[in-house]
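Residue numbers (the numbering used here), protein chains in the order written: chain A, 1 to 123; chain B, 124 to 246. Glycine included, every Cβ here is placed at the ideal spot set by N, Cα and C. Source: prediction; values computed, not measured. Worksheet: the structure to be examined is printed underneath.
Number of protein chains: 2
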Amino acid sequence: MTLRAMTDEAGDIEMILGTRAVVEMLSGKWNVDILYLLATGTRRYSEVLYEVGEISKKTLTQTLRALERDGLVVRREIPGVVARVEYSLTPLGWSITEPLMAMYEWAARHLSAAGRYGERLAA
Amino acid sequence: MTLRAMTDEAGDIEMILGTRAVVEMLSGKWNVDILYLLATGTRRYSEVLYEVGEISKKTLTQTLRALERDGLVVRREIPGVVARVEYSLTPLGWSITEPLMAMYEWAARHLSAAGRYGERLAA
DNA sequence: CGGTATCCAGCCCGATACTG
DNA sequence: CAGTATCGGGCTGGATACCG
């Protein structure tokens, strides 16, 4: 669907609000990383901490809580002697991989050729 | 294309970097608004200032410069007695409306049903 | 193990005032 | 008209230490 066809049937304001909402859900230094990680399977807190890299525990908790509030991630406590928590994508979380793919494909077609996102983030 | 098919042929790191790059280009309070505005046609600085709403001149200039550095927007000075500058989308700027549409469509399908976009969702 | 509590630096963004 | 200069508040994210 094109932008033009879109603007004909949806108010520009709704488009702005909707798009902004998605961008905000994905904004933050680690949101995309965590979403992609959980898309490869459920992880425990400490696994996310280790696999994401240099993220601090505070920031990890903050980010996971935000993703949870947005309905993209579920937090599940596993009963036991020691604390054990698992995080995984919700159906909504899975569905957002579609726009995520659209973004990646766009970047691959328009940015990677120019080597334009190599310096954006050193992970 | 699915996430799974994607991860098979592209490194996870490239996916993260590419997606992050797009999110960063769109992050910021006014980026999406300005992109959608310019998608409806070229505007002068003062027109953008008025049509976007409560944005300050400083922030508008900052945002336009950032979009320009990212190659999404062109700035053109029109010779004349008084200063006059026009902003419009580049081909790259036009092309990014595709992921933008993907985000809006996702929001329309998954978020608008739950009410306002500002609200959080239940899992 | 899976978090909180605290402190703190940096940046994003706005308000206001001034300029070629 | 299209900015820049300056000031400052608020939020984000990291460092470190502590806890059930």
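Inset, instruction - Please report the Cβ distance between Val-197/B and Tyr-168/B, rounded to the nearest whole angstrom; I am assuming they are in contact, meaning their Cβ atoms lie under 8 Å. - result: Not really, about 13 Å apart at Cβ, beyond 8 Å.
Legend entry - Pairwise C-alpha distance: Val-81/A and Glu-221/B: 50 Å
Legend entry - Where Leu-215/B meets chain A, residues with beta-carbon distance less than 8 Å: His-110
Inset, instruction - Counting only the same chain and skipping the five closest in sequence on each side, list residues whose C-beta sits under 7 Å from that of Arg-120/A. - result: Note that Arg-120/A scores 35 on pLDDT, short of 50, meaning its location in the model is unreliable and no value can be drawn from it.
Legend entry - 7 Å Cβ cut-off: residues of chain B touching Leu-100/A: Thr-142
Inset, instruction - List the endpoints of the continuous beta strand (DSSP E) containing Ser-211/B. - result: 208 to 212
Inset, instruction - Taking Ser-150/B and Val-23/A to be in contact with their CB atoms under 8 Å, please state how far apart those CB atoms are, rounded to whole angstroms. - result: 6 Å
Inset, instruction - In the DSSP assignment, find the alpha helix (DSSP H) that holds Val-146/B and state where it starts and stops. - result: 135 to 149
Inset, instruction - Reducing DSSP to helix, strand and coil, say where Ser-112/A ends up. - result: helix
Legend entry - Short-range partners of chain A found in the region 164 to 192 of chain B, where Cβ spacing is below 9 Å: none
Inset, instruction - Spatial neighbours of Leu-195/B within its chain, please: CB distance less than 8 Å, with the 5 preceding and 5 following residues excluded, ordered by chain position. - result: Met-148, Leu-158, Leu-212, Thr-213, Leu-215, Gly-216 and Ile-219
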